[in-house]
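Report on the following structure.
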Amino acid sequence: MTALAGKNALVVGVLNRYSLAWAIARALHEQGARLFITYQGERVRESVQKLAGTIDGTITAPLDVTRDEEIDQVAALAREQMGGLDILIHAVAFAPAETLSRAFIETPRDAFRATLDISAYSLVALARAVAPLMEERGGSIVTLTYLGGERVVPNYNVMGVAKAALEACVRYLAFDLGPRNIRVNAISSGPVSTAAARGIAGFLKMEHLVAQSSPLRRKTDPAEVGATAAFLCSDAARGITGEVLHVDCGYNIMGTGTLAP
Ligand code: NAP
């Protein structure tokens, strides 16, 4: 199928082959999209470029989302080398390690600020930079969130607060960009064992419990997140914006502490 044939996609947040951004990049490519994949900096340049090189025609560039000048450079490159963008995938999050293992009430001001900046504000900054590149063609912006933004998930802490802000940003951006035919949505993924997730204290135990008690009785497969992102970026989803779509084997509908018999 080629639901995204002729579309250009900027994918922010690929670290390695386990990254949800990589699963999404592959799904977009399978549907015919051309990719522009960014990496955070020199530390991961070689490995991300090697991975990106496995998909023909993929462009790469550095992007630290805290740096406005790098956001502008990436937007300029997308205009120069692709002639515009149709899709932005935002799959970036960061919280200082110590905030993900001790009580939320202990979160220092600078850690709170950095987490919200990287994990939520970056969507606003990126949307502002890419919207002019989507002008006339319309576009789709997809970010990744987690249930910890809606409910308390022990140890998710300040990242949960950032996800709540991110989900509110999705709604306000959807309202701002709707008249330009740019849609903004979030996928709330179930736990997937990635580098970012493994930084949360007790993650593996939680992933196991969630799999046991989900309606589908299994873990979330990153390919399912990829397929949903491809759907949200396709014409089939043209009426959907400002939405948070759960791709979590149904876990979010369960009462707390529920374990399947
Ligand atoms: P991941 O592979 O570790 O990806 C996180 C990405 O964020 C990395 O590429 C990381 O780059 C990047 N990043 C952090 N700070 C950045 C910055 N200043 N500038 C640019 N990039 C930066 O983990 P992931 O689980 O796939 O995470 C992707 C998204 O999915 C995140 O928003 C996460 O919260 C969300 N999510 C994950 C799960 C899960 O269970 N895995 C569930 C729901 C939602 P570096 O590592 O190079 O810094």
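Its first residue numbered 0, the sequence shown is counted upward by one per residue in numbering that gives the first Met the number 0. Glycine included, every Cβ here is placed at the ideal spot set by N, Cα and C. Predicted model, so just to flag it, every value in this text is computed and none were measured.
- Distance from the CA atom of Val160 to the CA atom of Ser212, rounded to whole angstroms, is 25 angstroms.
- Under the three-state reduction of DSSP output, Val141 falls in the strand class.
- In the structure shown, Pro61 adopts extended strand secondary structure according to DSSP, grouped into three states.
- According to DSSP, Asn184 shares a beta bridge with Val141.
- Three or more beta-carbon pairs separated by less than 8 angstroms link the segment 102-118 to the segment 153-172, which places the two stretches in contact.
- Short of 7 angstroms from the beta carbon of Arg16, and not among the five residues preceding or following it, lie these beta carbons of its own chain, in chain order: Leu50.
- Going by DSSP, Arg44 is part of the alpha helix (DSSP H) stretching over 41-51.
- Taking the Cβ of Arg42 as the reference point, at least one heavy atom of the ligand NAP falls within a distance shorter than 8 angstroms.
- Burial state of Asp85 is buried, judged by a 10 Å Cβ sphere holding 16 or more other Cβ atoms.
- If you check the C-beta of Ile36 against the ligand NAP, you find no heavy atom less than 8 angstroms away.
- At a threshold of 8 angstroms, Phe93 counts as near the ligand NAP, since its beta carbon sits closer than that to one of the ligand's heavy atoms.
- Under the three-pair Cβ rule at 8 angstroms, the segment 93-102 does not count as touching the segment 67-81.
- In the DSSP assignment, Ile88 falls within the beta strand (DSSP E) that extends over 86-89.
- Taking 9 angstroms as the cut-off, the Cβ atoms of Gly225 and Ile23 count as close.
- In its chain, beyond the 5 residues on either side, no residue has a beta carbon closer than 6 angstroms to the beta carbon of Leu203.
- Distance between Lys218 and Arg237, taken at the CA atoms: about 29 angstroms.
- Residue pairing from DSSP places Thr37 in a beta bridge opposite Val11, Ala60.
- Residue pairing by DSSP places Leu244 opposite Ile186 in a beta bridge.
- Here Glu45 is exposed: its Cβ has fewer than 16 other Cβ atoms, across all protein chains shown, within 10 Å.
- Taking C-alpha positions only, Arg42 is separated from Ala194 by approximately 15 angstroms.
- Here the C-alpha atom of Pro178 lies approximately 17 angstroms from the C-alpha atom of Val141.
- Residue nearest to Glu242 within the set Ala126, Ser192, Ser187 is Ser187 (criterion: CA-CA distance).
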